[in-house]
Every structure is written in structure tokens, then in C-alpha cells.
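Have a look at the structure below, then the notes.
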Amino acid sequence: MTIRGGYAGQVLRVDLSHRAVDKEPLPEEEVLRRYVGGTGLGLYYLLREAPPRVEPTDPESPLIFMLGPLTGTPAVNSSDWATVCYNFCIPYAAGVGHGHGYWGAYLKHAGYDGILITGKSSRPLYLWIDDERVELRDASHLWGLDTRETERRIKLELGDEEHVSVACIGPAGEAMLPGASIKADRNHGAGKGSPGAIMGSKNLKAIAVRGTGTV
3 MTIRGGYAGQ VLRVDLSHRA VDKEPLPEEE VLRRYVGGTG LGLYYLLREA
53 PPRVEPTDPE SPLIFMLGPL TGTPAVNSSD WATVCYNFCI PYAAGVGHGH
103 GYWGAYLKHA GYDGILITGK SSRPLYLWID DERVELRDAS HLWGLDTRET
153 ERRIKLELGD EEHVSVACIG PAGEAMLPGA SIKADRNHGA GKGSPGAIMG
203 SKNLKAIAVR GTGTV
């Protein structure tokens, strides 16, 4: 597939049940033209991937992080990243949240347009994306911490407090409370649809990203 415009050309697929991470190309150009942006492409994947009438916290119910083609570029107000999942509070409806900060740009600079997450880990984990290197790490020592302390400790653990961005959940997400959001870069959050509760149901504490590429 030829990379078009600001697209990186691939997404990460993470299966927490089997601790498997794969990379796959974006859909064909017709899909990208019809479902533009993080919200549109995220909803496309939700409709394609989610089993019908599945509960939001079912392990097979996906949690999707998606970027638009302008994310990571110098374009004004283009740092958004979208979370797409089944709405935790409204049955059989989609929940679409939007976050800001550096996280979306770093994910694009690492070479990815989004992350598709399914399954449920048997213990707390966090996802570490360092350009082409992607791994799942133990997060048992982070469980129970608020989002700011989680971000601080992950950056210290990775040895980079300047070029790493962390999207994570706090105790509300861990407890799968309605309205739980996902926070990134201390003050930026995505909350519509309660994506933090979905992330907590999968025992995924955080996603840390460092991207050194360009768009």
C-alpha cells in the first residue's frame, strides 16, 4: 500500500488475551476516503471488528485508538486522537472520545495510524511503543495509582521523561466506573463512552509511546 498524505500506513493490533502484537496495513483507499479522520476510521473498525450486540466490557469488544491524516503534522489543532468503543453507559451505541496533547503525534511519529485492542490480560499490563519496537510490560506495580503518578513512574522506568507520552487510566478506570476517561500528558483526556472503563476491563493500565519519525 502506498502511503497517502499524512497516513503512516499501518495500525497495531493487540490481543491482550494471548499477549500478541501484530502490525497490519490500513484498509484500501476507498475506505480511507469515505471514513476520514480518527473518528471516522475508528467507527469503521468498530463496525468491522466488534461482534454483534457484545457487551462493552466483553474481552472481544474492541477498544480503538485512531488518528487522522493531519495528526503529527504542523497543521493547527491537529493533535487530536480518538478513542472508539461500545458505549459503557448507552447500550448498543458507539462511544467516541477525543484527547489532545502529544500522545497522538508521538504515535504517528512512531509509524502508526491507530491501535486496535481486544482480549483481556490475566494481570495488569502496559503497552510500550518505541518506534518499531512494541512490547507488553507488567503493570502490577502501577495498579491503583492515579494517572499523573502512573505517567511519572512509567517515564522514570523507561528512562525518558522528555520524549515519552503516556495515555493511562486511574482508579476509576480500574474499577470500571461509568464516565471513566483515559488521560494523557497529565491534563488531556478522552472520556465520552467511558473508554477508561473499557481499558480497565482489559487490565490495560497505560500505553506509552516514543516516536522519532516524521509525517
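Mapping the sequence shown onto the numbering used here, position 201 (from 1) lands on 203, and the numbers just tick up by one.
Quick reminder that beta carbons are idealized off the backbone N, C-alpha and C, glycines included.
Treat the numbers as computed from the prediction; the structure is a model and nothing was measured.
Between the C-alpha atoms of residue i and residue j, what's the straight-line distance to the nearest angstrom?
i      : j      : result
Tyr146 : Pro173 : With the sequence shown as reference, residue 146 is identified as Gly, and Tyr is not the correct amino acid for it. Cα-Cα distance, rounded: 5 Å.
Ala141 : Pro29  : 32 Å
His100 : Pro180 : 17 Å
Val78  : Leu72  : 9 Å
Asp187 : Asn89  : 24 Å
Ser80  : Leu109 : 13 Å
Glu152 : Pro126 : Reading the sequence as shown, one finds Thr at residue 152 and not Glu. Roughly 13 Å between the two C-alpha positions.
Glu55  : Glu32  : Sequence inspection shows Arg at residue 55; the Glu mentioned does not correspond to that position. Distance between the alpha carbons of Arg55 and Glu32 is about 27 Å.
Asp82  : Ile117 : 14 Å
Gly74  : Leu144 : 29 Å
Val2   : Met68  : What is shown of the chain runs 3 to 217, which leaves residue 2 out entirely.
Gly1   : Ile92  : The requested residue 1 does not occur in the structure, where the chain is confined to residues 3 to 217.
His111 : His190 : 19 Å
Asp132 : Glu57  : 32 Å
Ala199 : Val98  : 13 Å
Glu164 : Arg150 : 15 Å
Lys204 : Ser123 : 6 Å
Report the three-state DSSP secondary structure of residue i (helix, strand or coil).
i      : result
Tyr46  : helix
Thr120 : strand
Thr85  : strand
Leu72  : coil
Arg139 : strand
Tyr114 : coil
Val166 : coil
Pro27  : strand
Ala208 : strand
Ile92  : coil
Arg188 : coil
Tyr9   : coil
Val33  : helix
Gly99  : strand
For my contact list, residue i and residue j are in at a C-beta cut-off of 8 Å; report their separation, rounded to the angstrom.
i      : j      : result
Ile66  : Val86  : 4 Å
Ser19  : Pro61  : 6 Å
Ala96  : Leu45  : 6 Å
Arg21  : Leu138 : 5 Å
Pro27  : Gly40  : With a Cβ gap of about 17 Å, Pro27 and Gly40 do not count as contacting.
Asp115 : Val13  : 5 Å
Quiz item: Would you say the stretch 195–213 touches the stretch 157–170, given that touching needs at least three Cβ pairs under 8 Å?
Solution: yes
Quiz item: Is the number of C-beta pairs between the stretch 186–202 and the stretch 101–113 that are closer than 8 Å three or more?
Solution: yes
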